[in-house]
Amino acid sequence: METSFWIGFVNIIILDLVLSGDNAVVIGMAARNLPAEQRKKAILLGTAVAIVLRAALTMIATYLLKVPLLMTVGGLLLLWIAVKLLIEKDDKHADVSPVNSLRSAIKTIIIADVVMSLDNVLAVAGAAHGNVFLVIFGLALSIPIIMWGSKLIATIMNKFPWIVYIGAAILGYTAGDLIVGDKYVKDWITIDMIEKVIPIVLAVAVLVVGMIVRKRMETSQKTI
8 METSFWIGFV NIIILDLVLS GDNAVVIGMA ARNLPAEQRK KAILLGTAVA IVLRAALTMI
68 ATYLLKVPLL MTVGGLLLLW IAVKLLIEKD DKHADVSPVN SLRSAIKTII IADVVMSLDN
128 VLAVAGAAHG NVFLVIFGLA LSIPIIMWGS KLIATIMNKF PWIVYIGAAI LGYTAGDLIV
188 GDKYVKDWIT IDMIEKVIPI VLAVAVLVVG MIVRKRMETS QKTI
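Numbering (our numbering), first residue to last: 8 to 231.
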């Protein structure tokens with residue numbers, strides 16, 4: 008019993024570092040262009056929403072597993088978010104009011120939190136094997152990872168804008184992971200290698216689509 012507890016304990020730490028890191032990436036990307044004060048608000052609210060969602064989803068995790076194609080829909084939604092964050096302007100002086108910018112960032116964070124909290128909850132619930140303490144521990148551990156991680160990512164992205172592409176690729180890969188992890192999709196996949204290739208292909212696809220859309224937007228702005 009003790010051995011299975013400690014194995015679950017270690018697994019949850021690893022899962023939280025990986026999956027909470029995805030939440031931190033999307034919060035950091037969404038908040039990167041906000042003024043310092045509003046960035047803090049977006050990060051705090053984004054973290055709070057992520058934790059509340061995880062707590063709520065944990066209670067219904069077993070039911071969520073029965074919903075057909077739920078993870079596939081979540082993965083497709085995350086692909087849209089990855090492209091959206093990639094094509095957002097980096098111009099801090101754009102003609103958009105601060106309130107609207109903050110609202111837009113928070114809306115994106117909440118949608119992404121719903122998708123990625125589902126991924127995290129199902130993984131942690133599986134690793135906990137019904138142990139309530141381990142589930143609570145997993146939720147508590149994700150708080151500092153998301154909060155500190157998103158602050159760090161937002162700051163780094165402001166200094167090095169090219170890192171946005173890495174963040175978008177991570178989200179694209181995560182989306183692919185969600186899709187191939189859906190048991191209804193797995194039934195259609197007969198070659199194991201395809202499961203490993205799909206996340207990589209979607210990560211690349213996000214970058215290609217994002218760069219094409221950004222170039223078109225820049226070209227249209229120059230012609231105006």
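Every residue, glycine too, gets a C-beta built ideally from N, C-alpha and C.
| Inter-residue spacing [alpha-carbon to alpha-carbon] between residue 166 and residue 202 | Stepping through the sequence shown from its first residue, residue 166 is reached at position 159. Stepping through the sequence shown from its first residue, residue 202 is reached at position 195. Cα to Cα, residue 166 sits roughly 35 Å from residue 202.
| request: Report the three-state DSSP secondary structure of residue 167 (helix, strand or coil). | output: In the sequence shown, residue 167 corresponds to position 160, counting from 1. Here residue 167 sits in coil by DSSP.
| task | Count the other C-beta atoms from every protein chain shown that fall within 10 angstroms of the C-beta of residue 63, then say buried if there are 16 or more, exposed otherwise. | result | The residue labelled residue 63 in the question sits at position 56 within the sequence shown. Residue 63 is exposed by the Cβ-count criterion.
| Whole-angstrom C-beta distance between residue 156 and residue 53, which should lie under 8 Å | Looking up residue 53 in the sequence shown gives position 46. Looking up residue 156 in the sequence shown gives position 149. Not really, about 11 Å apart at Cβ, beyond 8 Å.
| query | Do residue 124 and residue 31 have their C-beta atoms within less than 7 Å of each other? | reply | Walking along the sequence shown from the start, residue 124 turns up at place 117. Walking along the sequence shown from the start, residue 31 turns up at place 24. No; because the gap between Cβ atoms is not below 7 Å, this pair is not in contact.
| message | I need the boundaries of the alpha helix (DSSP H) containing residue 46, first residue and last residue. | response | Translated into the one-based positions of the sequence shown, residue 46 becomes position 39. 43 to 66 is the span of the alpha helix (DSSP H), which, as asked, contains residue 46.
| field | Inter-residue Cα distance where the pair is residue 187 and residue 180 | value | What you label residue 187 is simply residue 180 of the sequence shown in a count that begins at 1. What you label residue 180 is simply residue 173 of the sequence shown in a count that begins at 1. Spanning the two alpha carbons is a distance of roughly 11 Å.
| Pairwise C-alpha distance: residue 154 and residue 6 | Any answer about residue 6 is impossible in this case: the structure gives the chain only from 8 up to 231.
| said: Helix, strand or coil, according to DSSP, for residue 75 in the structure here? | reply: Looking up residue 75 in the sequence shown gives position 68. Residue state, collapsed to three classes: coil.
| said: Let me make sure I understand the geometry here. Which of 61, 50, 113 has the alpha-carbon closest to that of residue 147? | reply: The sequence position of residue 147 within the sequence shown is 140, counting from 1. When only C-alpha atoms are compared, the closest one is 61.
| field | Member of 197, 73, 34, 209 whose CA lies at the smallest distance from the CA of residue 111 | value | Against the sequence shown, residue 111 aligns to sequence position 104. The option with the nearest alpha carbon to residue 111 is 34.
| task | Give me the Cα-Cα distance between residue 100 and residue 11, rounded to the nearest whole angstrom. | result | Here residue 100 refers to the residue found at position 93 when the sequence shown is read from its first residue. Here residue 11 refers to the residue found at position 4 when the sequence shown is read from its first residue. Because the pLDDT of residue 100 is 38, which lies under 50, any placement of that residue in the model is unreliable, and the question is left without a value.
| request: Could you check the C-alpha separation between residue 162 and residue 16 for me, to the nearest Å? | output: Taking the sequence shown and counting its residues from 1, the one referred to as residue 162 is at position 155. Taking the sequence shown and counting its residues from 1, the one referred to as residue 16 is at position 9. Going by the C-alpha atoms only, they are around 31 Å apart.
| What's the C-alpha gap between residue 182 and residue 193? | The residue you call residue 182 lines up with position 175 of the sequence shown. The residue you call residue 193 lines up with position 186 of the sequence shown. Taking the straight line from one Cα to the other gives about 15 Å.
| message | Residues in the same chain with beta-carbon distance under 6 Å from residue 206, minus the five sequence neighbours each way, listed in chain order, please. | response | Against the sequence shown, residue 206 aligns to sequence position 199. Closer than 6 Å at the Cβ level, and outside the excluded window around residue 206, lie 180, 183, 184.
| query | Taking the alpha-carbon positions, what's the residue 159 to residue 89 distance? | reply | To locate residue 159, count along the sequence shown from 1; it is residue 152. To locate residue 89, count along the sequence shown from 1; it is residue 82. About 19 Å.
| field | Which of helix, strand or coil DSSP assigns to residue 10 | value | The sequence position of residue 10 within the sequence shown is 3, counting from 1. Reduced to three states, the DSSP call for residue 10 is helix.
| Roughly how many angstroms separate the alpha carbons of residue 84 and residue 37, rounded to a whole number? | Within the sequence shown, residue 84 is the residue found at index 77, counting from 1. Within the sequence shown, residue 37 is the residue found at index 30, counting from 1. If you take the alpha carbons of residue 84 and residue 37, they lie about 15 Å apart.
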